[in-house]
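Heads up, the thing below is written out as structure tokens.
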Amino acid sequence: MALQGGAAQAQSRGELLYNTNCIACHSTQMHWRSRRLATDWNSLEEQVRRWQQAASLGWRDEDIVEVARYLNERYYGFTPTITSGLLKATGLSPFAAGPRPAAPTDRP
């Protein structure tokens with residue numbers, strides 16, 4: 046089977062986590078609605094943390110940053126704050142560094 050549009054682009058870790066765990070309940074309208082709760086980078090991180098806790102996903106801080114980064118690049122366009130608690134704790138950049146391999150599914 047031929048790929049359309051050239052080589053397939055690998056999903057980022059954040060996109061993979063979002064598509065696996067969130068997309069069933071969160072359509073794209075969730076991110077475009079006027080009453081959205083994410084209004085800046087910090088509130089976007091907080092909403093990702095809130096919903097992963099509600100779904101008992103057990104994500105690490107790095108996972109939360111990756112999903113927030115994916116959503117920010119895809120929908121929001123907020124200016125990430127380097128002083129964000131999670132960014133400081135994880136040492137991750139708020140800007141994508143390219144696709145990362147998915148974590149093993151057998152981790153606790």
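Using the working numbering, the first residue of the sequence shown is number 46, and each one after it goes up by one. Beta carbons: idealized from backbone N, C-alpha and C, even for Gly. Small disclaimer: the values here were computed from a predicted structure and weren't measured.
Inter-residue CB distance, residue i and residue j (contact presumed, cutoff 8 Å)
i	j	result
Arg114	Gly59	5 Å
Leu82	Leu116	Contact flag wrong, Cβ pair sits at about 12 Å.
Among the options, the one whose alpha carbon lies nearest that of residue i
i	options	result
Trp86	Val110, Ala55, Leu102	Val110
Pro125	Leu102, Thr84, Gly103	Thr84
Gly103	Ser57, Tyr120, Asn66, Ala55	Asn66
Cys70	Asp108, Arg105, Gln56, Ala99	Ala99
Val93	Tyr120, Tyr63, Gly122, Ser57	Tyr63
Gln56	Phe123, Gly122, Val112, Tyr120	Val112
Asp106	Glu91, Ile68, Leu61, Gly122	Glu91
Residue i beta carbon near the ligand HEM (any heavy atom closer than 7 Å)
i	result
Glu118	This structure does not include the ligand HEM; it has no bound ligands of any sort.
Run of the alpha helix (DSSP H) containing residue i, from where it starts to where it stops
i	result
Asn64	58-66
Leu116	106-116
Leu89	86-99
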